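Everything on this sheet refers to the single structure shown next.
There are 2 protein chains.
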Amino acid sequence: MVGRIPIMNVTPLVDLGRQPAKATVGEPLPVTASVFREGHDQLGAEVVLIGPDGRRRPTVRMTKHADVPDRYEAWVVPDAPGAWSFEVVAWSDPLGTWQHDAALKVPAGVDVELMFTEAHLLLDRVLTSLDPRDPASAGAAQVVQSAIEAARDTTRPDAARLAALESPEVADVMYRHPVRELLTVEGPYPAYADRERALFSSWYEFFPRSEGATRDEKTGRVTSGTFQTASKRLDAVAAMGFDIVYLPPIHPIGEVNRKGPNNTLDPGPDDTGSPWAIGSKDGGHDAIHPDLGTFEDFDAFVGRARDLGLEVALDLALQAAPDHPWVTSHPEWFTTRADGTIAYAENPPKKYQDIYPVNFDNDPSGICQEVLRIVRLWMSHGVRVFRVDNPHTKPLAFWEWLLREVRRTDPDVLFLAEAFTRPAMMQALGAVGFHQSYTYFTWRNAKWELEEYLREVSHETSHLMRPNFFVNTPDILHAFLQYGGPAAFKIRAALAACGSPSWGVYAGFELFEHVAVKPGSEEYLDSEKYQIRVRDWDAADREGRTLAPYLTRLNEIRRAHRSLQLLRNLSIHWSDDENVLVFSKVARDPSGAIEDAVIVVVNVDPHAARETTVHLDMAALGLEEHDAFVVHDEITGEDWTWSAHNYVRLDPFHEPAHVLDVRRTR
Amino acid sequence: MVGRIPIMNVTPLVDLGRQPAKATVGEPLPVTASVFREGHDQLGAEVVLIGPDGRRRPTVRMTKHADVPDRYEAWVVPDAPGAWSFEVVAWSDPLGTWQHDAALKVPAGVDVELMFTEAHLLLDRVLTSLDPRDPASAGAAQVVQSAIEAARDTTRPDAARLAALESPEVADVMYRHPVRELLTVEGPYPAYADRERALFSSWYEFFPRSEGATRDEKTGRVTSGTFQTASKRLDAVAAMGFDIVYLPPIHPIGEVNRKGPNNTLDPGPDDTGSPWAIGSKDGGHDAIHPDLGTFEDFDAFVGRARDLGLEVALDLALQAAPDHPWVTSHPEWFTTRADGTIAYAENPPKKYQDIYPVNFDNDPSGICQEVLRIVRLWMSHGVRVFRVDNPHTKPLAFWEWLLREVRRTDPDVLFLAEAFTRPAMMQALGAVGFHQSYTYFTWRNAKWELEEYLREVSHETSHLMRPNFFVNTPDILHAFLQYGGPAAFKIRAALAACGSPSWGVYAGFELFEHVAVKPGSEEYLDSEKYQIRVRDWDAADREGRTLAPYLTRLNEIRRAHRSLQLLRNLSIHWSDDENVLVFSKVARDPSGAIEDAVIVVVNVDPHAARETTVHLDMAALGLEEHDAFVVHDEITGEDWTWSAHNYVRLDPFHEPAHVLDVRRTR
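Chains G and R are the protein sequences, given in the same order.
Okay, so the first sequence: first residue is 7 according to our numbering, each after it adds one.
Okay, so the second sequence: first residue is 7 according to our numbering, each after it adds one.
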C-alpha cells in the first residue's frame, strides 16, 4: 500500500533493494526520492540511517532538487563499517504550510487574525516538543515564546506581527523543530559500508620474480627474483605514495603446455611460463612457487610491506594448468568432453592449452569450499586484499556466496574485480559484493569520452561499483601510451589519480615502457606475463628517465585533498577546446560547507599545446557566479586569481595538467 | 541470492513490483530484462505469463536487443481480464553454444569428430524431450533424426555433415526445442489486464443541461435540458463514432456562494451555478439535479446510450457546496479552522467560497465508505466509467483503496484521472490503479514537443498510465485553437485520434468554438461550467459549419486500424521540416508479423503549407531499406507509392494531415 505521503523511486537501490548499495565509512552517500502529496500543503522529508548496531542515527533533512519537481535529496555518512540501512521519512508540514499561506494572505488582508491564531497554536506544539533538559532547546524555546507573543499582540500592526513570525531566527527554529503530521516511512533499504581503503586506494602492481632478478651478461641467463629481493622494491613503492602492492599469482606454474616468451608455444627449458597457468607437481593455489621462496619468506614480505604502510594484494585466478593437483584429485571440478578429455580454455577456434577452466556446476559445494579454504589460507598470511582474475568467467552466484562468506567473518577483506566485459556483468559483479572494479578507463582517451565516463562512474553506477582507474596493466598497453610520448604518461596518470579515488599503476609505467609486441596490439613486447623482466631502477633514477617523482606528487596531492579521496563528488565543467577536459571534486564538512575543492584541467592531446577558456559551474564549487578566488597549482606551485571564466594554456611538453587547489578568499 | 543465470533490471515493474504494471486484454506487452552469464557459452531467455486463473501460458522466447548488450525482450499478450503475473526464465543453451563453436571449429579443423559427437549427444536429448503424441513433434523428430544421422556419417565430408546440421530446418527445431540447463527464474511480477475499453476509447463530453435547452427569444430566459432531451443528442455522438459519453456532475448544485456566468460572484436568481459545486437541500452526490430529471430518466438515458453502443461516464468530484448535506451530517469530513468555520477551497490568497474540500484524515474510514457507497450507487445504475475530478488533491492512498475495492468486485469499472499536475503525482495515480489519465497533450503543440511527448506516453510511462488525449475540455481552450483557425481543430483532432488509443472531445469543438473569456486565458467565454449553452447543431450541419464529418472519419479510421487502438507501438520518423511531424503505429498478428501499419504525417503549423521530405525508419515498419510500397490516405482516399524517402506537401487550408494505410506490395 502507498503511504499517506507518497515516497517513490528511492535511490540508491541495488537490484530492487535486494543487494546493499555501495557505501564507505566517512563517505557522504546521496539518498534521493520522489516525495509528493495531494493538494497544496507543504511537506518535509528526511533520511534516517540505521547502523550495523541497530541504532538509528539523527535524521538528515532532505532538500528539494533545483530542477526536478518533487525530487528530494540528502547526503548521509555512515560512521562505522558494516551492514547499514536507510529509511526515507516524509510528513505533512503544517508550519511550512502556514509560512507559505501567511506570506500571501496577511498582506492581502485575508483571514488575518485567523492566521495569527493558527501560528500561535502551531508554535505551542513546537514548544511542547522541545526537550527542556537540552540546552540547545532552551534557546529555541525562547525564540518560539517571543514569536507566540508577537502573534498574539493585537496592538501591533499586522505587518509587524508577521515580520516577527517571519524572522530568520523563527524560520530556523521552525525548520529545525518542525511539526510532523501524517508521518510516512519508506524502507528500510540496505547499504553496506566498507572500510575507507575500499574507496580510496593507490595500487602498484609488480611481478615479484622480476624484482631483484639478475641477468648474467655472459650467458644471458636470468635468475628469478624472490620475495626477499622483491621486498627491497617495497621502499620505492611506498615512497611513491602507493598503499596497495598487488602481486600476480605467486603459485607454482604448470609445466604441461607452458607458454614461451611473447605467448609462443615452444618454450625452452629455462622459460618461466605465465603465473596465471597455476599449478604443477609443486602444488596449486595453496602453494608458493619454489623460485619465490617459502611461506616464511612470504610472511616476511607482507610484514615489511605492512611496516611501510602497504597492504599486499594477491591475485585470485580460478583456473588450473593441466598439471595442477586438482586435475587428478578432483577431475569433477573441470569439464570432461565427450571424448573423455578435460576441456581446455578456448575462444573458438583458438585454444589455450596451458589452462583448464574450472567447472562450478558438477560439484558446486566442493569447489566453493575449496576456494574459500584457499582464500582463508592467504588471509591467515596477512592478505586482506584480493585482485580477482576474470571473475566474469565464473558464475555470479558463486562470487555472491564467496564474498558474503568472507564478509561475514572478515569484513575488512577487499576484492577487486578484473572484469573487462559488457556493462551488465561489470555492474552485477559490483552489485553482488566486489569492493572495487577495473573499468574501461584505459580505453577512454578523448575529452568527450572521459566526460561521459567520469559522469557514469561517479554518479550513474556509484551505487553498484567503485572504479579503479589503472593506467596500464600487463595486458593493456593502450595505443595512447605507445604513440603519445612521455606527455601521454603524465596525462593518463593525472586523469587516473584525480578522476577516481582508486587508481593503479603497473611497474614499468614510470619508465615510459611503451613498445607493443606488434602494431595494433595492446600486449607489451617481451611481456612480463611470459618472462622475467630485469629493470635497472637505479639507473633510471640517476638519469632522470622516470616519472616516479610525478607519480609521487600525485599521491601526495591525493593524500592532502579529501575531495580526491571521494567518488560521488565530481562535476564536469566546460572549456572551449575539444581537448581540454575540466572537472572538479569537492568535500564538505559535517555542516555541509565545502572544506576542500580541487579543479583539474587536463590537455588530453599529448602532441600539441592548447590554449582556451575554461568556464566553471560555480554552484558546483559552492561559489557565487561573480566570485573571484585564488587557485594554487599543486603540480607547479603557481597561483592565479580565477573567476567563472579563465584563460588556460597547457603545453604537454611542459605540464599537460593543472591540479588546482581552490582557495577561498571570502 | 542471484540466480545461476543472472536476470536483472526486469521491466515493466511499477514501484519495485509492488503495484501491477498496466496491461490490457489483447494488447501486446513488452517484457525486457538484462540476461547474461559468465564466460562465452550461449543462453536462452523466455517470458511466461501466468493468468488470473493461475494457469501458466506457453513461454515466449525473448530476443536480443539490437543495440543494447545483454538486453532481451519479448512481447506477451494477456488473453483475459484480471490479475496476471509474469516470470523471466533464463537457461544455459548448449545447442546454441554448439552451433556457435561448430561454425568456427569444424571449418578450422579443430576438434572435428568431437564436435559431431557432441551434436549427436545433444540432439539425442532433443529427441527424448519431444512428445510423441504431438503431431508437430513428429515432424521435428524426423528432422532431428536426419541430423543425427548426418552427424554420425563419417563417410561424408566434414563440410557436408556440418551443413546438414546447420540447415534452416535443423536450426529451427533447435530453436523451438532447446536443451535447457541451469534453469533460472526471476519473478513473478504483477501486471493487471483491464478490458479493452481501458486502452482504446473515444470520449465525447457534454453538459446534459445544455442539450435540448431552449432560449426564449423574447425574455432571453433559458430552459435547462433534461436527460430526456439530452438523450436525443446521443444519436449524433454515436454517429460520430464515439464510444463513451461523459457527463459533468449531474447532482444538485449548491445555492450558497453560487457562481454567476463567467465565474462572477454575483449570480442572478436564474443562474445555474457550476455543476462541480455539488450539493444543496435537494441532496448530494447520491442525488440528481431536479432540472435534469429523475433516476428513471437517468436509467433511460443510460439505456439509450447502451443501445447506441455508448457507455456513460459520470464525474466523480469529491467536494461539497456549503449547503451539501454532508456539511451538517458529517462536519468531520471537512476541515474546521481555528475560528470554528469550515475551510473553503483556496489557493492563497484566492478563495473559492462555493466549495468545501473534503478532509480525508479526520474520519478516514467514514469518508472512504461513503465514497464507495456513492460509486456503487451509480454503478448500480449502469455507470461503468468514472471521470475523477482533481484526484491529485485527495490522498493517493485513498484512491489506491477505492480502486482496489471496486476492482475486487467489478473489474470492468474504469476510472479516468483528471490530474493536471507535476509528473510524479500523475504517474503515481496511474500506478495505484487509475485506468486512464488526462495528459499534457493540450499543451504540446510544437513538433519537437509532440515527438518527445508521444515517445514518453507510448514507451517511458506506458507501464504506469494510459494517456487520454482530449483536444479540449471545459477548462482548457488552448491558444492554438483560439488563434489557429479551423485548420488548428483538424490538426489537433488528427494528432489526438491517431497519437493515442484514447482520445476525447468536449462538445463545441466540432463547431470551432474558440473564443476565450479574455486574452491570455484558456477559459471559454460564457463557459458552460457556469451557464447553459444553447447550440443549434442542426443549423451547423445544414450550413456545413462543423468538423463532425472529420471527427467521424477519424473514429472510422481508428476502428478500422488495429494499430491505432494500441499504445506501445508508436515510432517517430524524421522529416526535414520543423513543422511536419511523422509517426507510425504497427500491429502484429500472433506470429509477430505486421498485420496493420499506419503512418501519420501532420503539418502542425495551421497557418502555412509545408513541403518537405519524409524519411522513414523502415525497420519500425517491418520493411527493408529499399522496399517500395503503396500508401493509401484514409482521409482523402489518394494512393501513392512510397519508399524510405518521400516528398510530402501538406496545406492546412486543404488537409493538414495524412493518415496513411501502409499496403504491402510484396
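Virtual Cβ for every residue (Gly too), placed ideally from N, Cα, C.
Because the structure is a prediction, the values reported are computed rather than measured.
Residue 516 of chain R and residue 479 of chain R closer than 8 Å at C-beta: In the second sequence, the residue the question calls residue 516 of chain R occupies position 510. In the second sequence, the residue the question calls residue 479 of chain R occupies position 473. The Cβ atoms of residue 516 of chain R and residue 479 of chain R lie no closer than 8 Å to each other.
Reduced DSSP secondary structure (H/G/I, E/B, other) of residue 447 of chain R: What you label residue 447 of chain R is simply residue 441 of the second sequence in a count that begins at 1. Reduced to three states, the DSSP call for residue 447 of chain R is helix.
Contact list for residue 40 of chain G against chain R, beta-carbon separation under 7 Å: Here residue 40 of chain G is taken as the residue at index 34 of the first sequence, counted from 1. Within chain R, the residues near residue 40 of chain G are 430.
Beta-carbon proximity list for residue 672 of chain G, same chain, < 6 Å, skipping 5 on both sides: Translated into the one-based positions of the first sequence, residue 672 of chain G becomes position 666. Residue placement at residue 672 of chain G cannot be trusted, given a pLDDT of 42 that sits under 50; the coordinates are not used to answer.
Buried or exposed by the 16-neighbour rule on C-beta atoms within 10 Å, applied to residue 76 of chain R: Numbered from its first residue, the second sequence carries residue 76 of chain R at position 70. Classification of residue 76 of chain R: buried, given that the 10 Å Cβ count is 16 or more.
DSSP-derived helix/strand/coil call for residue 672 of chain R: Position 666 of the second sequence holds residue 672 of chain R. No answer about residue 672 of chain R holds up, because its pLDDT of 43 lies below 50 and its placement is not dependable.
DSSP bridge partner residues for residue 578 of chain G (one or two, in chain order): Residue mapping note: residue 578 of chain G aligns to position 572 of the first sequence, counting from 1. G:589.
Reduced DSSP category for residue 260 of chain G - H, G, I as helix; E, B as strand; rest coil: The residue given as residue 260 of chain G occupies position 254 in the first sequence. Residue state, collapsed to three classes: coil.
Residue 353 of chain R burial status per 10 Å Cβ neighbour count (16 or more: buried): On the second sequence, residue 353 of chain R is found 347 positions in, with the first residue counted as 1. Only exposed fits residue 353 of chain R, as fewer than 16 other CB atoms lie within 10 angstroms of its CB.
Complete runs of the beta strand (DSSP E) confined to the segment 196-264 of chain G [at least 3 residues]: At a cut-off of 3 residues, the continuous stretches assigned as beta strand (DSSP E) that sit fully inside the segment 196-264 of chain G are 207-211 and 250-253.
Residue 151 of chain R in three-state terms, based on DSSP: As a working mapping, residue 151 of chain R is identified with position 145 in the second sequence. In the three-state reduction of the DSSP assignment, residue 151 of chain R falls in the helix class, which pools H, G and I.
Per-residue burial, residue 614 of chain R [other beta carbons within 10 Å of its own, 16 or more giving buried]: Along the second sequence, one-based indexing puts residue 614 of chain R at 608. Taking every protein chain shown into account, the CB of residue 614 of chain R has fewer than 16 other CB atoms within 10 angstroms, so this residue is exposed.
Segment limits, beta strand (DSSP E) that includes residue 512 of chain G: Position 506 of the first sequence holds residue 512 of chain G. Residue range 508-512 is occupied by the beta strand (DSSP E) that includes residue 512 of chain G.
For residue 28 of chain G, the first and last residue of its enclosing beta strand (DSSP E): For this step, residue 28 of chain G is matched to residue 22 along the first sequence. Element bounds for residue 28 of chain G: 27-30.
Spatially closest choice to residue 9 of chain R from R:95, R:21 and R:346, by CA coordinates: Along the second sequence, read from residue 1 onward, the residue named residue 9 of chain R stands at position 3. The candidate whose alpha carbon is nearest that of residue 9 of chain R is R:95.
DSSP three-state assignment for residue 650 of chain R, whether helix, strand or coil: Mapped onto the second sequence, residue 650 of chain R falls at position 644. Three-state result, residue 650 of chain R: coil.
Member of G:380, G:652 and G:293 whose CA lies at the smallest distance from the CA of residue 579 of chain G: The residue you call residue 579 of chain G lines up with position 573 of the first sequence. Minimum Cα distance to residue 579 of chain G is reached at G:652.
Proximity to residue 507 of chain R [Cα-Cα], best of R:568, R:449, R:492 and R:490: Along the second sequence, one-based indexing puts residue 507 of chain R at 501. When only C-alpha atoms are compared, the closest one is R:568.
Residue-chain proximity (residue 194 of chain G, chain R), Cβ-Cβ < 8 Å: On the first sequence, residue 194 of chain G is found 188 positions in, with the first residue counted as 1. By the rule that beta-carbons nearer than 8 Å mark a contact, residue 194 of chain G does not touch chain R.
Closer than 8 Å to chain G by CB, residue 111 of chain R: In the second sequence, counting from the first residue as 1, residue 111 of chain R sits at position 105. So, interface residue.
Within-8 Å CB hit, residue 67 of chain G to chain R: Reading the first sequence from its first residue, position 61 is the one you call residue 67 of chain G. Proximity of residue 67 of chain G to chain R, defined by a Cβ-Cβ separation below 8 Å, is not satisfied.
Whole-Å CB distance - residue 326 of chain G paired with residue 333 of chain G, under 8 Å assumed: In the first sequence, counting from the first residue as 1, residue 326 of chain G sits at position 320. In the first sequence, counting from the first residue as 1, residue 333 of chain G sits at position 327. For residue 326 of chain G against residue 333 of chain G, the beta-carbon gap comes to about 6 Å, under 8 Å, which counts as contact.
Exposure of residue 371 of chain R, with buried meaning 16 or more beta-carbon neighbours within 10 Å: For the purposes of this step, residue 371 of chain R is taken as the residue at position 365 of the second sequence. Exposed, since its Cβ has fewer than 16 Cβ neighbours within 10 Å.
Residues near residue 310 of chain R by beta carbon distance below 8 Å, same chain, minus five either side: Here residue 310 of chain R refers to the residue found at position 304 when the second sequence is read from its first residue. For residue 310 of chain R, the CB contacts under 8 Å within the same chain, skipping 5 residues up- and downstream, are 237 and 240 in chain order.
Three-way DSSP call (helix, strand, coil) for residue 475 of chain R in this model: As a position in the second sequence, residue 475 of chain R is number 469, starting the count at 1. Of the three classes helix, strand and coil, the one that applies to residue 475 of chain R here is strand, per DSSP.
Residue 99 of chain G burial status per 10 Å Cβ neighbour count (16 or more: buried): As a position in the first sequence, residue 99 of chain G is number 93, starting the count at 1. Its Cβ being crowded by 16 or more others within 10 Å, residue 99 of chain G is buried.
Residue nearest to residue 248 of chain G in terms of C-alpha spacing, selected from G:319, G:495, G:287 and G:274: The count along the first sequence starts at 1 and reaches residue 248 of chain G at position 242. Closest option to residue 248 of chain G, Cα to Cα, is G:319.
Beta-carbon proximity of residue 500 of chain G to residue 351 of chain G, cut-off 8 Å: Locating residue 500 of chain G in the first sequence gives position 494, where the first residue counts as 1. Locating residue 351 of chain G in the first sequence gives position 345, where the first residue counts as 1. Not closer than 8 Å, so no.
Residue closest to residue 464 of chain G, alpha-carbon to alpha-carbon, out of G:36, G:21, G:90 and G:170: Locating residue 464 of chain G in the first sequence gives position 458, counting from the first residue. Per the Cα distances, G:36.
Close beta carbons around residue 175 of chain R, own chain, < 8 Å, minus the five adjacent residues each side: The residue labelled residue 175 of chain R in the question sits at position 169 within the second sequence. So the qualifying residues of the chain are 149.
6 Å CB neighbourhood of residue 215 of chain R in its chain, flanking five on each side removed: For this step, residue 215 of chain R is matched to residue 209 along the second sequence. Cβ within range, chain order: 230, 231 and 538.
Residue 213 of chain R, buried or exposed, once every other Cβ within 10 Å from all chains shown has been counted against 16: Along the second sequence, one-based indexing puts residue 213 of chain R at 207. Within 10 angstroms of the beta-carbon of residue 213 of chain R lie 16 or more other beta-carbons, which makes it buried.
Three or more C-beta pairs below 8 Å linking the segment 56-64 of chain R and the segment 110-127 of chain R: With the cut-off at 8 Å, the segment 56-64 of chain R and the segment 110-127 of chain R do not touch.
Cβ pair residue 348 of chain G, residue 337 of chain G closer than 8 Å: By one-based count along the first sequence, residue 348 of chain G stands at place 342. By one-based count along the first sequence, residue 337 of chain G stands at place 331. Taking 8 Å as the Cβ cut-off, residue 348 of chain G and residue 337 of chain G qualify as a contacting pair.
Those residues which DSSP pairs with residue 638 of chain R across a bridge: Numbered from its first residue, the second sequence carries residue 638 of chain R at position 632. The partner list for residue 638 of chain R (beta bridge, DSSP) reads R:645 and R:667.
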